[in-house]
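Colleague:
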Amino acid sequence: MPAPEEAASARVTILVPCLDEKATLADLVAEVRQALEPTGVTPEFLFVDDGSTDGTLDLLREMSASDERISYLALSRNFGHQAALSAGIDHAEGDAVIMMDADLQHPVGLLAEMVRLWRSGCMAVNTLRVDGDSRSGKTLSSRAFYRLFRLVADVELQPGSADFRLLDRLLVLHLRGLPEKARFYRGLVPWMGFRQVYLPYSPRSRRSGKTKYSLRRMIRLALDGLIAFSEVPLVFSFVAGAGVVAVAVLYSLWIVYAHFFTQRTLTGWSSLMLAILGLGGLVLMSVGLVSLYVARVYQEVKGRPVYLLRESSPPGSRGDGGGASPKR
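Each residue of the sequence shown is one higher than the one before, starting from 18 at the first, in our numbering.
#1: Can you determine whether any heavy atom of the ligand FMN sits closer than 7 Å to the C-beta of residue 266, and answer yes or no?
#2: Counting along the chain, where does the beta strand (DSSP E) carrying residue 61 start and finish?
#3: Using alpha carbons as the reference points, say which of 117, 103, 79, 321 lies closest to residue 383.
#4: To the nearest angstrom, how far is it from the Cα of residue 324 to the Cα of residue 138?
#5: Does DSSP put residue 322 in a helix, in a strand, or in coil?
#6: So for residue 36, helix, strand or coil by DSSP?
#7: Exposed or buried, what is residue 52 when buried is set at 16 or more other beta-carbons lying within 10 Å of its beta-carbon?
#8: What separation, rounded to the nearest whole angstrom, lies between the Cα atoms of residue 80 and residue 303?
#9: Using the Cα positions of residue 201 and residue 268, report the straight-line distance between them to the nearest angstrom.
#10: Buried or exposed, going by whether 16 or more other CB atoms sit within 10 Å of the CB of residue 91?
#11: Out of 164, 115, 274, 263, point me to the one whose CA is closest to residue 144's CA.
#12: Per DSSP, what kind of secondary structure is residue 192 in: helix, strand or coil?
#13: Since residue 60 and residue 29 should fall inside the 8 Å C-beta cutoff, what is the C-beta to C-beta distance between them, to a whole number of angstroms?
#14: Pick out whichever of 214, 296, 67 has its Cα sitting closest to the Cα of residue 131.
#15: For the putative contact between residue 95 and residue 42, defined by C-beta atoms under 8 Å, what is the C-beta separation to the nearest angstrom?
So this is what it looks like as structure tokens:
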């Protein structure tokens, strides 16, 4: 964080992942500049094209060529939102970095307050999404996830946390040093500590296009977050398996009683039921949960990069250059 006398001249990078957002980019740049004008900050823009197919990359090339404060990274394919954020974090050069989406749902009116809080000493200014329709399926599922996360994880995650935040350069550098491949920035940022604050916001309506977060991607992101920050599912696997075994033991006592003292059993039924209850329940549940962790370990030990760069603006000027060799 810059000293007070240096704050006015501090560099602020607006990091924007893009996936088929051609229709909103020009408006985003204009609105962000207008919102930050009272702060005296002239923002730099770093767009990360995450495999767009609607001409977004062509527009970014034009914008970058005509404005030295606009630059871009183009990934070789669609790697996902968290990977696009990773690419931007690896290449952002500002004293502070503001992550926001390109669809204009994140209110630019909060940017000036973010900068003010950063100048006052906050290392991270996070946001909390407040949805108007509290009974929608997406809102209810989101609340359920955050409650589960806070129950089982070893990091405090605020309900409604969003990837709309300001980070001081020190936190950006720490994030660059993290080796893990499955990124969940909503958990990683509060995990780092330092002085952090939260601002609530209501999302604006989407200007064009549709959400890029499908149900499958949301479930995958939720699993990445839970597995990255908690071993409780493994403990639950053991406890659940032990519970099944306990029930099987009790049931086996009843089976023994029924076999010797009643006429309610069939030949072979007792041993079959005991095997199914005792072994089937234990194995299926335990293997299923452990497999999730094994899959993440496999992903880490492969050592594949989080993303691959196709090009950048201007080629060769940012970190790894031209995208031929990624940061990770």
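Virtual Cβ for every residue (Gly too), placed ideally from N, Cα, C.
Modeller: Per the coordinate set shown:
#1: In the structure shown, the ligand FMN is absent, as is every other ligand, since no ligand is present at all.
#2: Residue numbering aside, residue 61 sits at position 44 when the sequence shown is read from its first letter. Unbroken beta strand (DSSP E) run through residue 61: 61-66.
#3: An answer regarding residue 383 cannot be provided, because it is not within the stretch 18 to 345 covered by the chain.
#4: Taking the sequence shown and counting its residues from 1, one reaches residue 324 at position 307. Taking the sequence shown and counting its residues from 1, one reaches residue 138 at position 121. Roughly 32 Å between the two C-alpha positions.
#5: Numbered from its first residue, the sequence shown carries residue 322 at position 305. Reduced to three states, the DSSP call for residue 322 is coil.
#6: In the sequence shown, the residue the question calls residue 36 occupies position 19. Three-state result, residue 36: coil.
#7: Along the sequence shown, one-based indexing puts residue 52 at 35. So residue 52 ends up on the buried side.
#8: Here the question's residue 80 lines up with position 63 in the sequence shown. Here the question's residue 303 lines up with position 286 in the sequence shown. Computed Cα separation, rounded: 53 Å.
#9: In the sequence shown, residue 201 corresponds to position 184, counting from 1. In the sequence shown, residue 268 corresponds to position 251, counting from 1. Each residue's Cα considered, the two are about 43 Å apart.
#10: For the purposes of this step, residue 91 is taken as residue 74 along the sequence shown, with counting starting at 1. Residue 91 is buried by the Cβ-count criterion.
#11: Position 127 of the sequence shown, counted from the start, is the residue given in the question as residue 144. Ranking the options by Cα distance to residue 144, first place goes to 115.
#12: Start at 1 with the first residue of the sequence shown, and residue 192 comes out as number 175. It is helical.
#13: The residue you call residue 60 lines up with position 43 of the sequence shown. The residue you call residue 29 lines up with position 12 of the sequence shown. The pair is a contact, with the Cβ atoms about 5 Å apart (cut-off 8 Å).
#14: Here residue 131 is taken as the residue at index 114 of the sequence shown, counted from 1. Measuring from the Cα of residue 131, the nearest candidate turns out to be 214.
#15: Within the sequence shown, residue 95 is the residue found at index 78, counting from 1. Within the sequence shown, residue 42 is the residue found at index 25, counting from 1. About 18 Å separates the two Cβ atoms, so there is no contact after all.
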